[in-house]
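Report on the following structure.
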Amino acid sequence: MVQIPKPAAPPSPAPRSVPTSADVARLAGVSRATVSYVLNNTRAVRISEPTRRRVHEAARELGYVPHAAARSLRAGHSRMVLIPAPSVPAGRLYGRFLHELQWALGRLDYTVVQHGTIGLPGDEAARAWAELRPVAVLVPGTGLGPQGVAVLKRSGARAVVTVGPEAVEGAHALLMDHASVGHQAGAHLYERGRRRIGVVVPEESGLDMFSRPRLEGVRRALDGTDGSVTELPLGYDEDSAARLAARWRGLGLDAVFAYNDEYAMLLMRALQDAGISIPEETAVIGADDLMLGRLLRPRLSTVHIDLPSGRDLAELVDRAVRDPGAPLERHPALGARVVHREST
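Right, dumping it as structure tokens:
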């Protein structure tokens with residue numbers, strides 16, 4: 007056997023030294039303290055705009071970035087805001103809200119980190135979040151309890167904010183009243199002369215924390231009237247929608263609140279394929295006010311949902327970080343109004 011000799015490895019380039027704040031200070035012609043004030047966006051010290059530009063230009067030229075751990079040690083806390091990744095399907099509405107929130111927190115000099123803990127219950131997930139030592143945690147949905155809040159605060163989190171239907175002891179809260187979404191939809195259908203109303207309840211795991219309050223909201227809207235409510239479990243797939251449409255006339259329904267616009271579009275297509283005219287035989291309303299709903303024929307009626315302002319939520323986080331001993335804030339944070347179109 008003839009062995010082919012391996013060529014000699016080229017010599018490794020000499021390692022480049024990591025640029026320091028002292029290097030930036032020399033290049034910019036300022037003190038290291040000034041570099042720290044500028045790059046850490048310190049508000050308590052006034053720095054002229056030309057000096058700020060020189061420091062930023064020197065940092066870019068050298069490839070210098072502040073050391074997050076050292077920065078945390080100096081400040082006594084990190085600037086990380088942790089947002090657990092949602093464990094349920096998140097649509098465009100939530101995506102827009104999250105983008106605005108990240109932008110607003112960035113303007114306040116926080117770093118936003120999304121953390122995936124699918125499969126862990128709330129308080130157990132809190133221990134995983136605490137390992138990262140965030141200065142604040144924004145928890146969407148339900149599951150986190152007082153014990154989890156205490157774990158986060160013991161690890162150094164100055165602010166814990168929950169976004170869901172109920173407040174949690176020890177945490178700030180944005181209270182999302184999803185029952186009002188269902189109430190608006192049910193009242194609208196009743197006012198349009200519909201009396202036998204179906205309500206879609208998605209079979210997707212995790213959505214019950216939204217769908218159940220919406221179902222109860224429709225029931226409240228029809229309470230004491232001659233209207234009736236029928237619960238309609240539905241999977242998010244064409245076969246499930248086709249099976250429901252096939253038995254639709256047997257259910258005797260003249261309207262449906264389809265949980266949201268995506269389920270409404272799915273069911274509306276199946277009903278039309280089954281020969282059921284909309285809105286003549288059955289009125290359909292969704293929620294979220296997605297643009298696709300305006301492109302359907304007939305155009306989809308919907309409940310427009312106003313989520314909390316990302317900027318307002320960022321400012322709440324910043325207030326809590328700067329003054330962790332301040333009283334807890336609880337704010338209603340979901341507005342709902344019907345947008346009437348052709349499908350009802």
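Numbering of the sequence shown is given in our numbering, commencing with residue 7 and proceeding in unit increments. Heads up, the beta-carbon is just placed ideally off N, CA and C, and yes, glycines get one too. These numbers come from a predicted model, not from an experiment.
Quiz item: To the nearest angstrom, how far is it from the Cα of Glu63 to the Cα of Thr57?
Solution: About 10 Å.
Quiz item: Using the C-alpha atoms, what's the distance from Val51 back to Gly101?
Solution: Counting only the Cα atoms, Val51 lies some 36 Å from Gly101.
Quiz item: Quick one: what's got a C-beta closer than 6 Å to Val169's C-beta in the same chain, skipping five residues either side?
Solution: Answer for Val169: Pro146 and Leu180, listed in chain order.
Quiz prompt | Helix, strand or coil at Thr117 according to DSSP, with G and I counted as helix | solution = In the structure shown, Thr117 falls within a strand segment according to DSSP collapsed to helix, strand and coil.
Quiz prompt | Nearest neighbour of Ala251, chosen from Ser234, Val235 and Tyr269 [CA to CA] | solution = With distances taken between Cα atoms, Ala251 lies closest to Tyr269.
Quiz item: What is the DSSP secondary structure of Pro208, counted as helix, strand or coil?
Solution: Pro208: strand per DSSP, three-state reduction.
Quiz prompt | Continuous alpha helix (DSSP H) stretch holding Ala248: start and end | solution = Judged by DSSP secondary structure, Ala248 falls within the alpha helix (DSSP H) whose first and last residues are Glu244 to Ala252.
Practice problem: Look at Val327 and Ala142 and say whether their C-beta atoms are less than 8 Å apart. | Solution: Cβ distance < 8 Å, so Val327 and Ala142 count as in contact.
Quiz item: Any idea if Met297 is buried or exposed, counting beta-carbon neighbours within 10 angstroms, 16 or more meaning buried?
Solution: Label assigned to Met297: exposed.
Quiz item: Can you list, in chain order, the residues of its chain whose CB lies under 8 Å from that of Asp267, leaving out five sequence neighbours each side?
Solution: Same-chain partners within the cutoff: Gly292, Ala293, Asp294, Asp295, Leu296, Leu298, Gly299, Leu306 and Thr308.
Quiz item: Taking just the CA atoms, how far does Trp254 sit from Ala280?
Solution: Looking at the two C-alpha atoms, the distance is approximately 9 Å.
Exercise. Verify the CB distance criterion: does His310 have a CB-CB separation below 8 Å to chain B?
Key: Of the protein chains in this structure there is only one, and it is not chain B.
Quiz prompt | Burial state of Arg59 (16 or more Cβ within 10 Å) | solution = Looking at its Cβ environment, which holds fewer than 16 other Cβ atoms inside 10 Å, Arg59 is exposed.
Practice problem: Name the residue from Gly149, Leu144, Asp115 and Leu158 whose alpha carbon lies nearest to the alpha carbon of Ala136. | Solution: For the residues Gly149, Leu144, Asp115 and Leu158, the minimum Cα distance to Ala136 belongs to Leu158.
Practice problem: Would you be able to state if there are at least three C-beta pairs under 8 Å between the region 202-220 and the region 230-250? | Solution: Yes, the region 230-250 touches the region 202-220.
Exercise. For Ser78, name the three-state secondary structure that DSSP assigns.
Key: At Ser78, the pLDDT of 49 sits below 50, so the modelled position is not reliable; the number obtained from the coordinates is stated separately. Looking at Ser78 - three-state DSSP - the assignment turns out to be helix.
Quiz item: How about Ala131 and Pro90: are their beta carbons less than 8 Å apart?
Solution: Yes. Within cutoff.
Exercise. Measure the CB-CB distance between Leu340 and Phe263 and report whether it falls below 8 Å.
Key: Cβ distance not < 8 Å, so Leu340 and Phe263 don't count as in contact.
Quiz item: So, is Asp245 buried or exposed, given that buried needs 16 or more other C-beta atoms within 10 angstroms?
Solution: Around the CB of Asp245, fewer than 16 other CB atoms lie within 10 Å, so the residue is classed as exposed.
Quiz prompt | For Thr57, the first and last residue of its enclosing alpha helix (DSSP H) | solution = First-last of the alpha helix (DSSP H) with Thr57: Glu55 to Leu68.
Quiz item: Between which two residues does the alpha helix (DSSP H) carrying His189 extend?
Solution: Annotation: the continuous alpha helix (DSSP H) that includes His189 extends over His184 to Glu197.
Practice problem: Please name the residue, chosen from Gly149, Gln190, Ala185 and Ala34, that lies closest to Glu175 on a Cα-to-Cα basis. | Solution: For Glu175, the nearest C-alpha among the options comes from Gly149.
Quiz item: Grouping DSSP H, G and I as helix and E and B as strand, with all else coil, what is Gly258?
Solution: Under the three-state reduction of DSSP, Gly258 is assigned to coil, being neither helix nor strand.
Exercise. Determine, using beta carbons only, whether Leu240 and Pro208 come nearer to each other than 8 Å.
Key: If you check the CB distance, Leu240 and Pro208 come in under 8 Å.
Self-check item: For Ala289, three-class secondary structure by DSSP
Solution: In the displayed model, Ala289 falls within a strand according to three-state DSSP.
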